[in-house]
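Scroll down for the structure; my scribbles are underneath it.
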Ligand code: URA
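Residue numbers (my numbering): 835 to 1258.
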């Protein structure tokens, strides 16, 4: 059936409900180029302002899935589970998590994207490993999943092409910040990817997309409902992103820290979140008799990491690149570190070269920020608090500007839980 784009826009502009037929038609026609960018921009803005109900969001998601291919992992010899994070500063959790869950007997097909803005992309991090390549064919992906149990690779153009086009449009029309559009965008890709189970890490706080807890909860429950309705066992954890995760933000720096976690060490918060998500992924895939902490201790998660990196051409034993230029920021006073703002650290890492402003921009493997203390730690005035890493010393000034109000030292710090809420 054919509809008129202007009628569809008017329906949502006037706070009406889009019918299933209208949604199927507009997504398909937009993907084919029969609905123009300016018409889809107007519709996206009407949705941002007037919302969509659960039926509309589910249909919108299904229409975006139907715009491309859908992968099928049901022939693999083990169950599959994936994780998606809404993005945060220092969020390297996928790196230790995927091989850890594989070591526990569940296959992880992690089709990822590159970073845009102050949150880093998983592929950008892995590309700091000499030789590692992100692009795999569907056959290579399937083979690696069966043989190694974990794949982190670039999502091909065949998955939810409608979302690819629409997300790029939303990015330049001020229509990213709509919960129905974010939820359908993320879930269309994850459902099309074909995972049997999905754990969502919905971040909240200054360094996250969602600054407000109620918004994070609404996004999490919308995505859990979409996954469940599509037959994917879906669970969400809402986790704190007011402080960077771990002690590093930047591509090679984060790989180094992830390897420390796989070696049984690493910062406590990265270990805690990796294990919490692993337990959820295993349970969602029906595996409840394996302790992932044991797999970190006994080296089997590290073995899976080495096989996963090597299968994609990377040398897991190669030294990671190190920044030629470093600048130390000292603690401004003695006392307890009471604030280390995630957004400020993320913007600093980005300005040092770790992230990109436009999707065509290159990223630096070595750039980033290393933290020498976390909120709750005692610091002495003048001790190194942060080390900034870059290829280009001209970048220090703007990075330091972003850190101007990032740090506070006081006499106390209220410890916040890392995992704030679970939604199933
Ligand atoms: N990530 C996505 O994939 N889509 C959005 O809309 C927002 C974040």
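The beta-carbon is built from N, C-alpha and C at its ideal position, and this holds for glycine as well.
Spatial neighbours of residue i in its chain, beta-carbon cut-off 7 Å, leaving aside the 5 residues before and after
| i | result |
| --- | --- |
| residue 899 | 994, 1022, 1025 and 1026 |
| residue 1062 | 1068 |
| residue 1092 | 926, 929 and 930 |
| residue 904 | 1026 and 1028 |
| residue 842 | 852, 856, 860 and 877 |
| residue 962 | 1085, 1086, 1089, 1154, 1155 and 1199 |
| residue 869 | 839, 860 and 863 |
| residue 1108 | 927, 930, 931, 934 and 1095 |
CB contact flag (residue i, residue j, <7 Å)
| i | j | result |
| --- | --- | --- |
| residue 1222 | residue 1203 | yes |
| residue 917 | residue 1074 | no |
| residue 1167 | residue 1243 | yes |
| residue 1151 | residue 937 | no |
| residue 1182 | residue 1252 | no |
| residue 897 | residue 858 | yes |
| residue 1120 | residue 913 | yes |
| residue 1040 | residue 1176 | yes |
| residue 965 | residue 1149 | yes |
| residue 1056 | residue 1157 | no |
| residue 1171 | residue 1207 | yes |
| residue 1078 | residue 923 | yes |
| residue 1205 | residue 1081 | yes |
| residue 1186 | residue 1241 | no |
| residue 895 | residue 1018 | yes |
| residue 974 | residue 910 | no |
| residue 935 | residue 1112 | yes |
| residue 1043 | residue 1189 | no |
| residue 1050 | residue 1179 | no |
| residue 1031 | residue 892 | no |
Residue span of the beta strand (DSSP E) that contains residue i, given as start and end
| i | result |
| --- | --- |
| residue 978 | Residue 978 -> not in any beta strand (DSSP E); alpha helix (DSSP H) instead, spanning 972 to 981. |
| residue 1202 | 1202 to 1205 |
| residue 944 | 942 to 946 |
| residue 1068 | 1067 to 1074 |
| residue 1041 | Run containing residue 1041: none; DSSP gives neither H nor E here. |
| residue 1159 | 1159 to 1164 |
| residue 1244 | 1241 to 1244 |
| residue 1256 | 1253 to 1257 |
| residue 1236 | Here residue 1236 belongs to no beta strand (DSSP E); instead the alpha helix (DSSP H) covers 1230 to 1236. |
| residue 1173 | 1169 to 1174 |
| residue 919 | 915 to 919 |
| residue 988 | 984 to 988 |
| residue 1221 | 1218 to 1224 |
Where residue i falls, given that 16 or more other Cβ within 10 Å makes a residue buried
| i | result |
| --- | --- |
| residue 883 | exposed |
| residue 958 | buried |
| residue 1162 | exposed |
| residue 1212 | exposed |
| residue 946 | buried |
| residue 1085 | buried |
| residue 865 | buried |
| residue 1066 | buried |
| residue 1122 | exposed |
| residue 835 | exposed |
| residue 1201 | buried |
| residue 996 | buried |
First and last residue of the uninterrupted alpha helix (DSSP H) at residue i
| i | result |
| --- | --- |
| residue 1128 | 1126 to 1131 |
| residue 1094 | 1085 to 1096 |
| residue 1055 | 1047 to 1063 |
| residue 1019 | 1013 to 1027 |
| residue 999 | 995 to 1005 |
| residue 845 | 839 to 847 |
| residue 882 | 871 to 884 |
Spatial neighbours of residue i in its chain, beta-carbon cut-off 6 Å, leaving aside the 5 residues before and after
| i | result |
| --- | --- |
| residue 1227 | 1159 |
| residue 1004 | 878 and 1010 |
| residue 978 | 985 and 1145 |
| residue 1134 | 937 |
| residue 887 | none |
| residue 1007 | 875 |
| residue 1126 | 934, 938, 1109 and 1112 |
Nonlocal neighbours in the same chain, by C-beta distance under 8 Å from residue i, ignoring five residues either side
| i | result |
| --- | --- |
| residue 1124 | 938, 939 and 1116 |
| residue 1070 | 1033, 1034, 1035, 1036, 1054, 1055, 1057, 1058, 1256, 1257 and 1258 |
| residue 1047 | 1038, 1072 and 1254 |
Residues whose Cβ lies closer than 5 Å to any heavy atom of the ligand URA, in chain order: 1016, 1019 and 1020
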